[in-house]
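Residue numbers (the working numbering): 17 to 421.
Using N, Cα and C, we set each Cβ at its ideal position, and we do this for glycine too.
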Amino acid sequence: MKVKTHWYARPFPNNWEFYSTCEEGNNIDIAIKNDENTAKIAPNPKEVILQGMAACTSVDIVSNLQKMRQPLQKLSVECEAIQNETLPKVFKECLMTYKVTGENINIERVAYCVQLSFTKYCGVSAMIEKSGCFITPKLIVNEKEIDIWDPENKISNKLQNWLQAMSKKAPSGFVLVTGSSRGIGAAMAKQLAKEGYAVIPTSRSKINFDHENIFDSLYLDVSNSFSILNLKEFLKRNSVKLNLLIQNAGISSLENSDDLNALDLNFSEIRHVYETNVFGIIETTRVFQEIMNQNSIIALVSSTMGQPERDSYLNASYRMSKRTVTQFAKQAALQSEMENKKISIISFHPGSVKTDLNPGGKISVEKSASQIGELFSIKNIHDIYKNNGQFLIYNEKNKTWDPSY
Numbered sequence: 017m018k019v020k021t022h023w024y025a026r027p028f029p030n031n032w033e034f035y036s037t038c039e040e041g042n043n044i045d046i047a048i049k050n051d052e053n054t055a056k057i058a059p060n061p062k063e064v065i066l067q068g069m070a071a072c073t074s075v076d077i078v079s080n081l082q083k084m085r086q087p088l089q090k091l092s093v094e095c096e097a098i099q100n101e102t103l104p105k106v107f108k109e110c111l112m113t114y115k116v117t118g119e120n121i122n123i124e125r126v127a128y129c130v131q132l133s134f135t136k137y138c139g140v141s142a143m144i145e146k147s148g149c150f151i152t153p154k155l156i157v158n159e160k161e162i163d164i165w166d167p168e169n170k171i172s173n174k175l176q177n178w179l180q181a182m183s184k185k186a187p188s189g190f191v192l193v194t195g196s197s198r199g200i201g202a203a204m205a206k207q208l209a210k211e212g213y214a215v216i217p218t219s220r221s222k223i224n225f226d227h228e229n230i231f232d233s234l235y236l237d238v239s240n241s242f243s244i245l246n247l248k249e250f251l252k253r254n255s256v257k258l259n260l261l262i263q264n265a266g267i268s269s270l271e272n273s274d275d276l277n278a279l280d281l282n283f284s285e286i287r288h289v290y291e292t293n294v295f296g297i298i299e300t301t302r303v304f305q306e307i308m309n310q311n312s313i314i315a316l317v318s319s320t321m322g323q324p325e326r327d328s329y330l331n332a333s334y335r336m337s338k339r340t341v342t343q344f345a346k347q348a349a350l351q352s353e354m355e356n357k358k359i360s361i362i363s364f365h366p367g368s369v370k371t372d373l374n375p376g377g378k379i380s381v382e383k384s385a386s387q388i389g390e391l392f393s394i395k396n397i398h399d400i401y402k403n404n405g406q407f408l409i410y411n412e413k414n415k416t417w418d419p420s421y
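Spelled out as structure tokens, the structure:
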């Protein structure tokens with residue numbers, strides 16, 4: 017992909033006018049206003065970026081709806097962005113409004129196409145998000161606003177019925193587990209259901225656990241601020257109050273690459289790992305405080321690989337991220353205690369578990385989940401309150417969860 021921008025070399029007030037060429041297709045004009053009394057001839061560079069995002073996501077919507085044989089008649093995407101006040105001025109917020117028209121068009125399929133574009137396909141919106149811009153999608157179908165994630169309120173209605181049933185069947189309360197699609201997260205969800213919890217699993221892919229105490233998995237990408245806030249608002253609207261939040265979502269390194277060692281680390285690797293393992297945990301903790309019950313627990317999955325006694329230059333980004341998680345739990349617990357939030361915050365090591373991230377692990381996911389179930393069981397829950405802020409490790413000899421000082 018290659019473009020070239022040329023200056024028109026016109027006199028003031030038109031001296032900030034340009035045209036841009038690409039390898040194939042017509043030239044486009046780009047202009048920056050240099051005089052309040054003169055109309056500019058074309059969009060400015062940042063408007064071009066927003067136009068590019070609108071066009072990029074529109075291609076996704078049109079192509080997918082046509083594949084689904086949906087009677088799409090009209091589509092417009094409006095992007096309204098706010099910039100920060102300091103230089104360089106970049107977008108900090110953007111409302112992206114999809115307006116879809118089509119007689120007898122399937123609302124659920126339209127919403128699904130918007131989901132796919134927003135979470136998976138639109139590369140331009142992904143680039144803008146990476147710059148720190150908070151993008152909020154909004155969908156209007158045939159002049160009616162639609163919830164992109166629950167277009168016909170089927171999930172809300174199902175959740176309400178489940179919450180009512182679980183209020184009598186879950187003595188341990190309600191728990192939300194992030195990263196539940198496989199491995200430790202999936203095993204934890206099943207084990208916590210056995211421990212008397214009503215479990216709300218979350219993941220980026222849809223999972224059905226086929227267990228009355230476990231709800232259908234809800235979408236959550238912990239590396240995306242909108243996804244975190246959107247899920248919290250959905251749970252809040254449905255009057256969900258959590259007794260336990262387990263943050264298990266995590267990655268080891270960039271896809272299709274080996275874990276990089278200390279002197280081989282680059283900016284992309286560090287940012288990629290920290291977005292999920294650190295920034296996602298911090299943001300989820302901040303946002304989800306609002307729906308935590310009194311005397312509830314936020315538990316962060318960490319690892320002894322982040323402990324000083326296990327220092328190594330190997331797998332550096334993962335080790336650093338886990339050390340940060342453990343430290344964050346301590347600091348967050350101190351603030352929670354000082355402000356009397358009545359939320360205990362801990363980190364814990366699930367063991368050397370044999371998973372996709374750790375094929376050389378020493379114990380099965382089932383054994384790890386069983387031990388974690390003991391940690392959060394009704395009989396042991398008060399030990400967590402006493403160990404607020406601590407990093408807990410399972411003592412195989414004593415069969416206890418002990419703080420690592």
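Could you give the first and the last residue of the continuous alpha helix (DSSP H) run that contains residue i?
i           : result
residue 399 : 397-402
residue 238 : That residue, residue 238, is in no alpha helix (DSSP H); it is neither H nor E in DSSP.
residue 344 : 332-354
residue 202 : 199-210
residue 177 : 170-182
residue 385 : 381-391
residue 94  : No alpha helix (DSSP H) holds residue 94; the beta strand (DSSP E) holding it covers 90-99.
residue 74  : 61-83
residue 141 : 139-146
residue 127 : 123-132
Given this structure, state the Cα-to-Cα distance separating residue i from residue j, to the nearest angstrom.
i           : j           : result
residue 380 : residue 388 : 12 angstroms
residue 397 : residue 383 : 19 angstroms
residue 370 : residue 200 : 9 angstroms
residue 90  : residue 127 : 15 angstroms
residue 378 : residue 366 : 11 angstroms
residue 438 : residue 146 : Look at the range of the chain in this structure, 17 to 421, and you will see that residue 438 is not part of it.
residue 247 : residue 254 : 11 angstroms
residue 222 : residue 291 : 22 angstroms
residue 282 : residue 148 : 19 angstroms
residue 92  : residue 410 : 55 angstroms
residue 220 : residue 321 : 26 angstroms
residue 48  : residue 61  : 8 angstroms
residue 19  : residue 69  : 17 angstroms
residue 160 : residue 43  : 37 angstroms
residue 86  : residue 137 : 19 angstroms
residue 242 : residue 413 : 44 angstroms
residue 105 : residue 150 : 15 angstroms
residue 272 : residue 298 : Low per-residue confidence applies at residue 272: pLDDT is 47, beneath 50, and the placement is therefore not dependable, though the value from the model is reported in the following sentence. Near 26 angstroms, if we compare the C-alpha coordinates of residue 298 and residue 272.
residue 402 : residue 213 : 21 angstroms
residue 395 : residue 188 : 10 angstroms
residue 58  : residue 26  : 15 angstroms
Could you tell me whether the Cβ atoms of residue i and residue j are closer together than 7 angstroms?
i           : j           : result
residue 35  : residue 45  : yes
residue 337 : residue 374 : no
residue 177 : residue 257 : no
residue 111 : residue 73  : no
residue 259 : residue 190 : yes
residue 407 : residue 363 : yes
residue 205 : residue 215 : yes
residue 98  : residue 83  : no
residue 404 : residue 345 : no
residue 164 : residue 155 : yes
residue 196 : residue 217 : yes
residue 314 : residue 301 : yes
residue 400 : residue 360 : yes
residue 116 : residue 157 : yes
Considering only C-alpha positions, which residue in the set the options is nearest to residue i?
i           : options            : result
residue 4   : 180, 222, 253      : Given a span of 17 to 421 for the chain in the structure shown, any question on residue 4 remains unanswerable.
residue 424 : 327, 28, 72        : As displayed, the chain neither begins before 17 nor continues past 421, which places residue 424 out of reach and without an answer.
residue 132 : 280, 60, 77        : 77
residue 335 : 346, 348, 319      : 319
residue 331 : 278, 266, 358, 364 : 278
residue 316 : 340, 328, 21, 306  : 340
residue 226 : 399, 238, 209      : 209
residue 170 : 184, 313, 124, 213 : 124
residue 261 : 194, 207, 286      : 194
residue 288 : 280, 333, 251      : 333
residue 53  : 65, 37, 238, 30    : 30
Identify the continuous beta strand (DSSP E) that holds residue i and give its terminal residues.
i           : result
residue 295 : Per DSSP, residue 295 belongs to no beta strand (DSSP E) and is neither H nor E.
residue 162 : 160-162
residue 310 : 308-317
residue 263 : 258-263
residue 221 : Note, residue 221: premise wrong, no beta strand (DSSP E); not H, not E.
residue 106 : Residue 106 -> no beta strand (DSSP E), and no H or E assigned at all.
residue 189 : 189-193
Could you tell me whether the Cβ of residue i comes closer than 7 angstroms to any Cβ of chain C?
i           : result
residue 216 : Checking the listed chains, one finds no chain C in this structure; it contains a single protein chain.
Which residues does DSSP pair with residue i in a beta bridge?
i           : result
residue 35  : 22, 45
residue 114 : 93, 155
residue 231 : Per DSSP, none; premise fails for residue 231.
residue 410 : 417
residue 54  : DSSP lists no partner for residue 54.
residue 40  : Beta-bridge pairing links residue 40 to no other residue.
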